[in-house]
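Heads up: the sequence shown begins at 43 in our numbering, then just goes up one per residue. Input: a single structure, listed below in structure tokens.
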Amino acid sequence: AAAAMADGKSGKQAAEEFVSRSGDRWGAVYDKREYAEFEQALDGAYTGVGLSAGRSGGDRVRVTRVQA
43 AAAAMADGKS GKQAAEEFVS RSGDRWGAVY DKREYAEFEQ ALDGAYTGVG LSAGRSGGDR
103 VRVTRVQA
């Protein structure tokens, strides 16, 4: 990351370069605004693996729908 920044890239660009080299296809870099939007989108529900889920009180998660 330090080398990327020395080449004139922003901190975010340097972090994106580092993450892209990690081999983690799910790795991502967010700026403050993007992370706030991401966090808000996940607040209380998450969809994306064929399931819809929500909080069911305490530490419990309840599956509300399964897509076939």
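Cβ coordinates follow ideal geometry from the N, Cα and C atoms, glycine included.
Point to revise | Exposure label - Ala57; buried when at least 16 CB within 10 Å | key: buried
Review point. In chain order, which alpha helix (DSSP H) runs of at least 4 residues are fully inside the region 63-106?
Key: 74-84
Practice item. Figure out for me which residue from Asp85, Arg104 and Gly100 has the closest Cα to the Cα of Leu93. Key: Arg104
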